[in-house]
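Counting from 1 along the sequence shown, just add 192 to a position and that's the residue number in this note's numbering. Reading through the structure tokens given below for one structure.
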Amino acid sequence: MSRIEPSGASPLSPDPTAEPLPPASPSLPRAPSLATPREHDAVRPYDGPAPRASSGTAKGPVVPRDSGPAVSAGALAATGGRLRAASPEVPADTYADLQSRLTRGVADWAVTDGDVAAVHGALGKLEPEVYRAALERLERDGLLKTYVGEQGPEARKAFLSQAESKGLLLRLQGAPASGPLGYPGRPDFYREGPRLPASLRGAVAEHAVGAGRAYLAAHGEYLDRYTRAVEDAKSLPELRGLGPPREADLRDRVLGLEARDPQREARAREWRRAIGTPESTVRAWQAVSARQWALSGQRAGGTFALEGEAELSRDSFKLGGEASLDSRGRVDVKSKSAVSVKGGPLGLEVSRDTKGQTRSEVKVDLGVVSLGRASDGELKVSVGVGETFGGYVTLDTEAAKFGGGVYAQVKTERDKAEVKLGATMKGLSRERAEAAVDRAHVGIFDEPPELSRGVSWEALTRGQQERYTLNGWTREDWARALPRG
């Protein structure tokens, strides 16, 4: 049965039947013990198998190789099982200053921006090896977490740049913005590793989240600029020249996580969740589609919009405003003024808005029900419910627009205030519906397959020429794009 021996005793009890060992010969040196009583907890790095004795006639003692200083098992566990050379000592006066700056007390209860700046300056004067040792010691004392937590955006940026200059971090260079509409470039990221102090790794992770969020915000602004450029395009060739809207391109490989890091997948997943979801380019494509068909003289469609209108009238004069938000994300706000003339159930209203559009509408008021026909082709039917509330339906056959909503009004002897809330839908034309299900349809930003085959414009069928004209192609553009030779 095994037993625990007191310190200094032999781990094996003597065997009374064994012959006594002969005295050591004075001509042979005694082989050193592999573990002295003071080295029971000593661990040496593995340096291969012990050397074997020579196969010759002369046999000498086997002496183990000394491959480095002994390290206690506790210290080995603290370093994650990795043996490293002893860290250089941090100057006592420097560490005392760092400690006083980052320690809260009754008389000094806050770590100020000045303290953070002073710590940054003191760390910057240290050599790279001493710098790492200082951060590791601050981490053990819980002070590095305080230092990182009190840093503002600029101080955090300076700290990470300093850690890079001292060799603790590797910065992955980003890319600048590109294109006339400023497609956002990839930001810089710092590469973190498992051997860094935990608080420094946390600072790197927070920087990565901030950089990712800033990139996605910049991509949303790019889509805003792209959509405005699409809506301002004056011709189909100009629209085609914008090129397609670009998706956000920011993958977790920019973090530089090591493949052997056991937490790699979890950390990458957490980063993606923290920065959020990139904005879809759907609204930009919808703007392209609507503008393409508007420039080609076709009916716009495939959108849904929420609309609101407020109007105040006195006698025959009206003032009001309209606002709408469509499914492409476009907001349209305008005010208008109108003059109305009424005789019996018939009425005529002429209005002009702040965008310079003039509109006239003929109305027939039958009491509970009123009908209207406007110069832009809109038909309107309103049904009142009592004196205050009602509903309406509109239909514009020219624009393929259908809508409706509710209204509320308040009347006095001379004035009337009315508020409307509703929605409109624009349907697809037959041509657009066919294009939507045609797998061979060539979009405005696609290169026609006939070009790569060297087919001239004159060799295209009339139908092909019409389709490519709707994509902004002209005979001259086609001739310039044909491959030479």
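All C-beta atoms in this analysis are idealised placements derived from N, C-alpha and C, irrespective of residue type, glycine included.
Bounding residues of the beta strand (DSSP E) (the contiguous stretch that carries residue i)
i, result
"ALA566", "561 to 566"
"THR550", "550 to 557"
"ASP545", "538 to 545"
Residue i - DSSP class collapsed to helix/strand/coil
i, result
"ARG230", "With a pLDDT of 44 at ARG230, under the threshold of 50, the modelled position of this residue cannot be trusted; read the value that follows with caution. In this structure, ARG230 counts as helix in the three-state DSSP scheme."
"ARG445", "helix"
"THR419", "helix"
"THR586", "strand"
"THR661", "helix"
"LEU388", "coil"
"ASP507", "coil"
"LYS426", "coil"
"ARG606", "coil"
"PHE381", "strand"
"ALA530", "strand"
"ARG348", "helix"
"ALA303", "Ala is not the amino acid found at residue 303; the sequence shown has Val there. VAL303 falls in the coil class under three-state DSSP."
"GLN365", "coil"
"ASP638", "coil"
"VAL525", "strand"
"LYS251", "The pLDDT assigned to LYS251 is 46, lower than 50, so where the model puts this residue is not dependable; a value taken from the coordinates is nonetheless given after this. Three-state DSSP puts LYS251 in coil, outside helix and strand."
"GLU281", "coil"
"THR616", "strand"
"GLU471", "coil"
"GLY412", "helix"
"LEU498", "strand"
"SER225", "In this prediction, SER225 scores a pLDDT of 44, lower than 50, which makes its location untrustworthy; the coordinate-derived value is nonetheless stated afterwards. Three-state DSSP puts SER225 in coil, outside helix and strand."
"GLU439", "coil"
"VAL647", "coil"
"GLY596", "strand"
"GLY569", "coil"
"ARG676", "coil"
"GLY316", "helix"
Residue i: first and last residue of the uninterrupted alpha helix (DSSP H) it sits in
i, result
"GLY374", "Premise fails: GLY374 is in no alpha helix (DSSP H) and is neither H nor E."
"LYS337", "335 to 341"
"ALA651", "No alpha helix (DSSP H) holds ALA651; DSSP gives it neither H nor E."
"LEU327", "320 to 332"
"ASP453", "ASP453 -> no alpha helix (DSSP H), and no H or E assigned at all."
"VAL474", "474 to 487"
"ARG667", "667 to 673"
Buried or exposed (CB count within 10 angstroms, at least 16 for buried), residue i
i, result
"PHE581", "exposed"
"ALA497", "buried"
"LEU442", "buried"
"ASP307", "buried"
"ALA425", "buried"
"GLY404", "buried"
"ASP239", "With a pLDDT of only 44 at ASP239, under the threshold of 50, the placement of this residue in the model should not be trusted; the figure read from the coordinates follows. Classification of ASP239: exposed, given that the 10 Å Cβ count is below 16."
"TRP301", "exposed"
"PRO379", "buried"
"GLN343", "buried"
"THR550", "exposed"
"PRO221", "With a pLDDT of 47 at PRO221, under the threshold of 50, the modelled position of that residue is not reliable, and the figure given next carries that caveat. PRO221 is exposed by the Cβ-count criterion."
"LEU428", "buried"
"GLY664", "buried"
"ALA476", "buried"
"ARG432", "buried"
"VAL533", "exposed"
"PRO437", "buried"
"SER505", "buried"
"LYS317", "exposed"
"LEU571", "exposed"
"VAL561", "exposed"
"LEU449", "buried"
"SER292", "exposed"
"PHE381", "buried"
"PRO454", "exposed"
"GLY614", "buried"
"THR586", "buried"
Whole-angstrom C-beta distance between residue j and residue i, which should lie under 8 angstroms
i, j, result
"HIS411", "PRO470", "6 angstroms"
"LEU408", "GLY468", "6 angstroms"
"LYS526", "GLU514", "6 angstroms"
"GLU503", "GLU610", "5 angstroms"
"GLY583", "ASP557", "Contact flag wrong, Cβ pair sits at about 16 angstroms."
"LEU361", "VAL396", "7 angstroms"
"ARG161", "TRP649", "The displayed coordinates of the chain run from 193 to 677. Any statement about residue 161 would go beyond what the structure contains."
"LEU364", "ARG383", "6 angstroms"
"GLY435", "PHE637", "6 angstroms"
"ALA314", "THR295", "With a Cβ gap of about 14 angstroms, ALA314 and THR295 do not count as contacting."
"LYS510", "ALA530", "4 angstroms"
Within-8 angstroms CB hit, residue i to chain B
i, result
"GLN484", "Within the model displayed, chain B is absent; a lone protein chain is all it includes."
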